[in-house]
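The block underneath contains the structure these notes are about, expressed in structure tokens.
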Amino acid sequence: MFDTNFYKGKSVLITGHTGFKGTWLSKMLVMAGAEVIGYSLAPPTNPSLYEMTSLDQTMLSVIGDIRDREKLMRVFDKTKPEIVFHLAAQPIVRDSYKDPVYTYETNVMGTVYVLECVRQNSCVKSFLNITTDKVYYNREWEWGYREDDPLDGYDPYSNSKSCSELVTHSYKNSFFADGAAAVSTARAGNVIGGGDFADYRIVPDCVRAAIKGEPIVVRNPYSTRPYQHVLEPLSAYLMIAQQQYKDRNYAGYYNVGPDEKDCITTGELAERFCRLWGEGISWVSQQENGPHEANFLKLDCSRIKKVFGWKPVWGVDEALQKVVEWSKIYAAGKDTEKCMEQQIEAFIKKENEHV
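For the sequence shown, position 128 matches number 112 in the numbering used here, and the numbering has no gaps at all.
Right, dumping it as structure tokens:
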């Protein structure tokens, strides 16, 4: 588990802070008392989870393109971060087919620019690059992928994140072997949570349909994914960055995913969502001939469990319940930020009970 006291007063920079995961991470760090700096494009969706919060009043938010190396360097020079979380990315598989050049520029060269800033700023003691479970060469087999399995994502998004991993490995070996900064990557499974408004994702599709009272359309009902609440990997990221800050021997490459029982098909996920939402909501299968996406994908998370004693807190049903709770508050026009804070507090409390 991560220690909220550790982050109190620490200068922490997050790239991609206006996105779904970035907003939840920013809120966790602000609540922990960190001095948070965000560097990101404007919020990627409308509505936007970031704009529903008061984060602009409690952290330094810089709107900028991760491909703008000079602007990014100025932010590092001015704020002198001790810890850096790199989340900025073009994260949608289908969008990567539409604009592969932008995807590679953002996900690969963006990583180069962030690492170059880290290299030139000795203030940074801990760096974590957030990638994805899709970095692996996917054999569509039933076993979970391990950190030493080959990296070779199929589509432009997945492949660009594989490249981002390789860039990080090279910088780590070439420039940080002397201990200047502890460098790690974290490969997380599919995350769900309140406030995700992205297109082409199953849970946001479920929420949009449920609010409208329409059947949920499921494109790939038989694809299997490792679903987890967004707070699961974020807690793990905070733990990794904290531990390697204290002892760089913890730096490495970590899978972060749910237990075996929470690797379920998209159809199963939709069915469970419908039961939790109620109100007669249902789902229908509408398979389409879209671009290639993996059908079967799981992670082996033995390493992070062995090294840190880490384990998931919420199973997929509890995670979905939290999504439904947040989404119904949103649909009713009530205080979603308060709900967000309460869920973070509940997660940390339960995580502490697990220790």
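Yeah, the Cβ is synthetic: ideal placement off N, Cα and C, and Gly gets one too.
Self-check item: Inter-stretch contact (C-beta, 8 Å, three-pair minimum) for the stretch 292 to 300 and the stretch 217 to 230
Solution: Using a C-beta cut-off of 8 Å, the stretch 292 to 300 makes contact with the stretch 217 to 230, since at least three inter-stretch Cβ pairs fall below that distance.
Self-check item: Residue of Ser286, Val268, Asn91 and Leu33 minimising C-alpha distance to serine 146
Solution: Here residue 146 refers to the residue found at position 162 when the sequence shown is read from its first residue. If we check each option's Cα against that of serine 146, Asn91 comes out closest.
Quiz item: Along the chain, where does the beta strand (DSSP E) that runs through phenylalanine 69 open and close?
Solution: Within the sequence shown, residue 69 is the residue found at index 85, counting from 1. Note, phenylalanine 69: beta strand (DSSP E), 67 to 70.
Exercise. Grab the span of the alpha helix (DSSP H) containing glutamine 226 for me, first residue to last.
Key: Locating residue 226 in the sequence shown gives position 242, where the first residue counts as 1. Boundaries of the alpha helix (DSSP H) around glutamine 226: 215 to 230.
Exercise. Name the two residues that bound the continuous beta strand (DSSP E) containing aspartate 168.
Key: Indexing the sequence shown from 1 puts residue 168 at position 184. Checking the sequence shown, residue 168 turns out to be serine, not aspartate. It spans 166 to 172 - the beta strand (DSSP E) in which serine 168 sits, taken as one unbroken run.
Quiz item: Is it true that the stretch 59 to 71 meets the stretch 105 to 115, where meeting means three or more beta-carbon pairs spaced less than 8 Å apart?
Solution: By the Cβ rule, the stretch 59 to 71 counts as touching the stretch 105 to 115, because three or more pairs are nearer than 8 Å.
Self-check item: Whether glycine 236 touches serine 168 by CB criterion (7 Å)
Solution: Taking the sequence shown and counting its residues from 1, one reaches residue 236 at position 252. Taking the sequence shown and counting its residues from 1, one reaches residue 168 at position 184. Going by C-beta atoms, glycine 236 is nearer than 7 Å to serine 168.
Quiz item: At which residues does the alpha helix (DSSP H) containing asparagine 122 begin and terminate?
Solution: The residue labelled residue 122 in the question sits at position 138 within the sequence shown. Under the DSSP assignment, asparagine 122 falls outside any alpha helix (DSSP H); it carries neither an H nor an E label.
Quiz prompt | Run of the beta strand (DSSP E) containing glycine 22, from where it starts to where it stops | solution = Reading the sequence shown from its first residue, position 38 is the one you call residue 22. First-last of the beta strand (DSSP E) with glycine 22: 19 to 24.
Self-check item: Among Ala330, Asn336, Asp246 and Lys322, nearest to serine 38 - alpha-carbon criterion
Solution: In the sequence shown, residue 38 corresponds to position 54, counting from 1. Taking only the C-alpha atoms, the option nearest serine 38 is Lys322.
Self-check item: Through-space distance from proline 275 to tyrosine 81, alpha-carbon basis
Solution: By one-based count along the sequence shown, residue 81 stands at place 97. By one-based count along the sequence shown, residue 275 stands at place 291. If you draw a straight line from the Cα of tyrosine 81 to the Cα of proline 275, it comes to about 8 Å.
Exercise. Could you tell me the distance, in whole angstroms, from the CA atom of lysine 62 to the CA atom of glutamate 100?
Key: In the sequence shown, counting from the first residue as 1, residue 62 sits at position 78. In the sequence shown, counting from the first residue as 1, residue 100 sits at position 116. Looking at the two C-alpha atoms, the distance is approximately 16 Å.
Quiz item: Measuring CB to CB, does serine 32 end up less than 7 Å from threonine 87?
Solution: Numbered from 1 along the sequence shown, position 48 holds the residue referred to as residue 32. Numbered from 1 along the sequence shown, position 103 holds the residue referred to as residue 87. Contact flag unset, no.
Quiz prompt | Alpha-carbon spacing of valine 287 relative to glutamine 104, whole angstroms | solution = Residue 287 sits at position 303 when you count from the first residue of the sequence shown. Residue 104 sits at position 120 when you count from the first residue of the sequence shown. Note that residue 287 is arginine in the sequence shown, not valine. Between arginine 287 and glutamine 104, the C-alpha separation is close to 31 Å.
Quiz prompt | Limits of the alpha helix (DSSP H) - the one that asparagine 143 falls within | solution = As a working note, residue 143 is residue 159 in the sequence shown. In the DSSP assignment, asparagine 143 falls within the unbroken alpha helix (DSSP H) covering 140 to 159.
Quiz item: Expressed to the nearest angstrom, what Euclidean distance is found between the alpha-carbon atoms of threonine -1 and serine 45?
Solution: The count along the sequence shown starts at 1 and reaches residue -1 at position 15. The count along the sequence shown starts at 1 and reaches residue 45 at position 61. Approximately 10 Å, taken between the alpha carbons.
Practice problem: To the nearest angstrom, report how far apart aspartate 218 and aspartate 246 are at their CA atoms. | Solution: Along the sequence shown, read from residue 1 onward, the residue named residue 218 stands at position 234. Along the sequence shown, read from residue 1 onward, the residue named residue 246 stands at position 262. The amino acid occupying residue 218 in the given sequence is leucine; aspartate does not appear at that position. Computed Cα separation, rounded: 18 Å.
Self-check item: Boundaries of the alpha helix (DSSP H) in which tyrosine 81 is found, first to last residue
Solution: Against the sequence shown, residue 81 aligns to sequence position 97. That run of the alpha helix (DSSP H) goes 77 to 82.
Practice problem: Return the CA-CA distance between arginine 58 and glycine 48, expressed in angstroms with no decimal places. | Solution: Locating residue 58 in the sequence shown gives position 74, counting from the first residue. Locating residue 48 in the sequence shown gives position 64, counting from the first residue. The C-alpha of glycine 48 is placed about 11 Å away from the C-alpha of arginine 58.
Self-check item: Neighbour-count burial assignment, serine 106, 16 or more Cβ in a 10 Å radius
Solution: Position 122 of the sequence shown, counted from the first residue, corresponds to residue 106. Serine 106 is exposed by the Cβ-count criterion.
Quiz item: Roughly how many whole angstroms lie between the Cα atoms of proline 84 and isoleucine 265?
Solution: Translated into the one-based positions of the sequence shown, residue 84 becomes position 100. Translated into the one-based positions of the sequence shown, residue 265 becomes position 281. Taking the straight line joining both Cα atoms gives about 36 Å.
Quiz item: Roughly how many angstroms lie between the CA atoms of arginine 209 and threonine 249, to the nearest whole one?
Solution: For the purposes of this step, residue 209 is taken as residue 225 along the sequence shown, with counting starting at 1. For the purposes of this step, residue 249 is taken as residue 265 along the sequence shown, with counting starting at 1. Arginine 209 and threonine 249: Cα-Cα distance of roughly 6 Å.
Self-check item: Reduced DSSP category for valine 92 - H, G, I as helix; E, B as strand; rest coil
Solution: Taking the first residue of the sequence shown as position 1, residue 92 is located at position 108. Secondary structure at valine 92: helix, using DSSP grouped into helix, strand and coil.
Quiz item: Between which two residues does the beta strand (DSSP E) carrying valine 108 extend?
Solution: Indexing the sequence shown from 1 puts residue 108 at position 124. DSSP places valine 108 outside any beta strand (DSSP E), giving it a letter other than H or E.
Quiz item: Per DSSP, which one or two residues make a beta bridge with phenylalanine 280?
Solution: Sequence index remark: in the sequence shown, residue 280 carries index 296 (1-based). Per DSSP, Thr208.
Exercise. Work out the CA separation of proline 134 and arginine 123 for me, nearest whole Å.
Key: As a working mapping, residue 123 is identified with position 139 in the sequence shown. As a working mapping, residue 134 is identified with position 150 in the sequence shown. Going from the Cα of arginine 123 to the Cα of proline 134 covers about 10 Å.
Quiz item: With which residues is serine 286 paired in a DSSP beta bridge?
Solution: Working through the sequence shown from its first residue, we reach residue 286 at position 302. DSSP lists no partner for serine 286.
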